[in-house]
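Under our numbering, the first residue of the sequence shown is numbered 6, with each subsequent residue one higher.
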Amino acid sequence: MDGSGLAALAADGWVGIALLALLGFVLGFALNHGSICTVIATRELIAEKRPARFIALLECAVWAGLVYAALGVSPTMQQGWSPLAWLVPAAILFGIGIYVNGSCVFGSVGHFGNGEIDFGFTFLGIAAVVSFETLFGPVSGQPPASGSLKLGPVILAIILLALLSVRFGVSRRAESNYPRLMLAMAAIGIAFTILAIYAPRFSITKSLGSIVSIPIAGTAISVSMFGGSLVSARFRMRRFELKWPTLRGIARRTLGGVLMGLGALLIPGGNDTLLMIGFPMGAWQAALAYLLLVAVLATLIARFGSLTRAWS
């Protein structure tokens, strides 16, 4: 679906925008509440041999597939996949970027909600790259890509139940947040996918850039998403405390954001797009890019370590 989906909502005036904002709030709340992040998942797998959060990330992709199936819509990339010569280095660059940043785009929204406002510079770094794309046009210039679901709703539901069962089996002795993570993954998968359908130019990775491409809707979704993360942190901790950034922190998040932005520009898409649009459409490019960025991240964590930890 193209911009016509957003136009249909806009026809309802501010009611449509309010619904998009509500979805953005739910998305931000769930990202913080579930403490979900590719960096956290990779560190737990490498350092602690705990695969639970990786399984949870796959749950998001399956939830996305179920939403597409329920609404009868095909997953669509607004700009098609880049050729291998660009895709491979872009995924590597994105993996380096999320290591430098200390969090993927999911986790950056969550960290920001926790009062770590230096993660706002991550999105400013990404926005700088997106601005370059806006000024000079798409780098790869690939036409939009759309693909019908490879699996039906019944098969997807069976896969989801299997993932939930496996994650329960591997986490029941080591973790107590199984229900929290289950609900958070469902909320992320459902909210993101509906946004991808009705506001197709929005993505978590390019959330600030969406304010330029779809001013009213992009602003409403982005502000609500970060607001939802803030409210979630306040709800969990019963208090809220801002952590003022250091120059080192600003430099690290900005550099990480620029590297992530460059990778997302060339793939195109960040880990949110790969998981919840690319995976449901069965795109081998999405699988390859995600495997590469995780492999790079795992290598860096194994070699240099990571201080990133789950907060809930």
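Built from N, CA and C at the ideal position, the CB exists for glycine as well.
Owing to the predicted nature of the structure, the values given are computational and were not obtained by experimental measurement.
Inclusion of G85 and Q147 in the CB contact set at 7 Å is warranted, their separation being smaller than that value. Between the segment 208–215 and the segment 89–97, the count of Cβ pairs shorter than 8 Å is below three; the stretches do not touch. I163: member of the alpha helix (DSSP H) spanning P158 to S176, first to last residue. Spatial neighbours of V299 in its own chain (CB-CB distance under 8 Å, excluding positions within 5 residues in sequence) are listed in chain order as T43, T47 and G100.
Cα atoms of A191 and P250: separation of roughly 32 Å, rounded to the nearest angstrom.
In this structure, DSSP gives S317 a state outside helix and strand, which the three-state scheme calls coil. Here T81 is bridged, per DSSP, to S151. A75 counts as exposed, since fewer than 16 other beta carbons sit within 10 angstroms of its beta carbon. In its chain, beyond the 5 residues on either side, G233, S234, V236 and S237 have a beta carbon closer than 7 Å to the beta carbon of F34. In the structure shown, E121 falls within a strand segment according to DSSP collapsed to helix, strand and coil. Closest by C-alpha distance to G118, out of Y203, I219, H38 and T313, is H38.
Cβ-Cβ separation between I60 and V217: approximately 36 Å, too far for a contact (criterion under 8 Å).
Rounded to whole angstroms, the Cβ separation of G262 and F126 is 6 Å, and the two are in contact under 8 Å.
Taking the Cα positions, D123 is about 9 Å away from S113. Of all alpha-carbon atoms in I199, L312 and F284, the one lying nearest the alpha-carbon of G21 is that of I199. Within the segment 243–306, the runs of alpha helix (DSSP H) at least 4 residues long that lie entirely inside it are, in chain order, 252–271.
A straight-line Cα-Cα distance of about 11 Å links L247 and R239.
Selection P220, L36, F173 and G102 evaluated against L270 yields G102 as nearest (Cα-Cα).
Remark: C-beta atoms of S208 and T278 approach each other more closely than 7 Å. Residue burial annotation: E53 is exposed, with fewer than 16 other C-beta atoms found within 10 angstroms of its C-beta. Straight through space, the alpha carbons of P184 and W316 are spaced by roughly 15 Å. Secondary structure note for T210: it is in no alpha helix (DSSP H), with a DSSP letter that is neither H nor E.
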